[in-house]
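Each remark here refers to the structure printed beneath this line.
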């Protein structure tokens with residue numbers, strides 16, 4: 270029992286160090302803050318522009334339309350996950366990190382833990398504030414948290430943002446290039462996913478972004494339900510993180 274407590278003690282300073290890194294790297298901290306800022310700003314802009322009179326322009330699924338801003342918030346989440354890991358591969362930073370924390374598994378899990386917690390916290394803030402703020406501008410056409418699926422979508426949206434950040438982090442650890450990950454993920458989510466969706470039919474719902482966004486829909490169509498879709502996105506993130514962890518353990522710093 271004494272040995273277990275002793276080995277558990279070093280985890281706390283490692284977590285603290287990883288949080289200091291995030292705050293110290295301008296790209297990482299800026300992209301983290303951008304998750305709620307971008308999501309809330311666009312949600313308010315859409316609510317103010319569309320208004321009550323044009324509520325139908327948000328589409329037949331009013332709940333999904335209320336979370337339109339998450340299309341932009343997820344880009345900030347991807348940027349956060351990417352830049353946080355990419356910072357380790359610049360100017361010998363990884364070598365310094367592993368000198369301080371020789372256990373690569375502990376180092377990786379600590380970094381991912383802090384990254385995931387920060388993304389989840391800011392992601393939940395983003396979805397709740399953007400939903401409530403955007404709907405406050407919709408008057409009689411507004412959806413409340415008590416409406417069917419609204420609370421599930423709000424909570425699930427924050428989890429989705431965190432999972433996208435973790436997916437990007439895992440791929441960055443695998444490829445060791447933030448530029449490569451951003452060049453792959455952002456066009457895939459914004460363009461390729463929709464093209465594949467039109468061509469592949471029902472199979473497209475298993476793509477990481479499409480599966481996770483089912484939690485935002487009032488009545489998702491297809492074989493996946495809202496939480497099952499989010500679980501599929503989680504599996505994508507876990508697979509990317511596992512690949513990134515294996516690459517970190519195998520390759521030289």
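Numbering (this note's numbering), first residue to last: 270 to 522. Don't be surprised by glycine CBs; every beta carbon is placed ideally from N, CA and C. For clarity, every value in this text was computed on a predicted model and none was experimentally measured.
Give me the residue from the options with the minimum Cα distance to residue i.
{"i": "residue 371", "options": "461, 283 and 472", "result": "283"}
{"i": "residue 525", "options": "439, 379 and 434", "result": "Not covered by the structure: residue 525. The range shown for the chain is 270 to 522."}
{"i": "residue 506", "options": "452, 464, 428 and 484", "result": "428"}
{"i": "residue 357", "options": "455, 495, 443 and 461", "result": "443"}
{"i": "residue 494", "options": "447, 407 and 418", "result": "418"}
{"i": "residue 448", "options": "294, 354, 301 and 286", "result": "354"}
{"i": "residue 457", "options": "301, 314 and 476", "result": "476"}
{"i": "residue 302", "options": "317, 336, 347 and 335", "result": "347"}
{"i": "residue 521", "options": "373, 294 and 310", "result": "373"}
Can you give the Cα-Cα distance for residue i and residue j, rounded to whole angstroms?
{"i": "residue 360", "j": "residue 404", "result": "46 Å"}
{"i": "residue 299", "j": "residue 306", "result": "10 Å"}
{"i": "residue 478", "j": "residue 433", "result": "8 Å"}
{"i": "residue 291", "j": "residue 388", "result": "11 Å"}
{"i": "residue 398", "j": "residue 485", "result": "15 Å"}
{"i": "residue 509", "j": "residue 437", "result": "8 Å"}
{"i": "residue 381", "j": "residue 289", "result": "14 Å"}
{"i": "residue 416", "j": "residue 331", "result": "11 Å"}
{"i": "residue 450", "j": "residue 344", "result": "12 Å"}
{"i": "residue 379", "j": "residue 287", "result": "7 Å"}
{"i": "residue 366", "j": "residue 390", "result": "25 Å"}
{"i": "residue 482", "j": "residue 464", "result": "16 Å"}
{"i": "residue 375", "j": "residue 518", "result": "11 Å"}
{"i": "residue 351", "j": "residue 420", "result": "29 Å"}
{"i": "residue 412", "j": "residue 363", "result": "47 Å"}
{"i": "residue 273", "j": "residue 281", "result": "Note that residue 273 scores 41 on pLDDT, short of 50, meaning its location in the model is unreliable; the coordinates nonetheless yield the value given after this. Distance between the alpha carbons of residue 273 and residue 281: 14 Å."}
{"i": "residue 319", "j": "residue 409", "result": "13 Å"}
{"i": "residue 460", "j": "residue 446", "result": "21 Å"}
{"i": "residue 424", "j": "residue 414", "result": "10 Å"}
{"i": "residue 285", "j": "residue 368", "result": "16 Å"}
In this structure, how does DSSP classify residue i when only helix, strand and coil are distinguished?
{"i": "residue 407", "result": "coil"}
{"i": "residue 276", "result": "Because the pLDDT at residue 276 is just 44, under 50, the model does not fix this residue reliably, and the value given afterwards should be weighed accordingly. It is helical."}
{"i": "residue 421", "result": "helix"}
{"i": "residue 367", "result": "helix"}
{"i": "residue 430", "result": "helix"}
{"i": "residue 520", "result": "coil"}
{"i": "residue 445", "result": "coil"}
{"i": "residue 360", "result": "coil"}
{"i": "residue 345", "result": "helix"}
{"i": "residue 294", "result": "coil"}
{"i": "residue 338", "result": "coil"}
{"i": "residue 316", "result": "helix"}
{"i": "residue 311", "result": "helix"}
{"i": "residue 414", "result": "coil"}
With the cut-off set at 9 Å, would you say residue i and residue j are in Cβ contact?
{"i": "residue 516", "j": "residue 499", "result": "no"}
{"i": "residue 402", "j": "residue 426", "result": "no"}
{"i": "residue 333", "j": "residue 487", "result": "yes"}
{"i": "residue 422", "j": "residue 441", "result": "no"}
{"i": "residue 349", "j": "residue 308", "result": "no"}
{"i": "residue 473", "j": "residue 462", "result": "yes"}
{"i": "residue 513", "j": "residue 377", "result": "yes"}
{"i": "residue 296", "j": "residue 315", "result": "no"}
{"i": "residue 304", "j": "residue 435", "result": "no"}
{"i": "residue 400", "j": "residue 336", "result": "yes"}
{"i": "residue 503", "j": "residue 406", "result": "no"}
Could you check whether the Cβ of residue i sits closer than 9 Å to any Cβ belonging to chain D?
{"i": "residue 419", "result": "The chain labelled as chain D is not found in the depicted structure, where only one protein chain is given."}
Along the chain, which unbroken stretches of the beta strand (DSSP E) at least 3 residues long are found entirely within the stretch 463-507?
-> none
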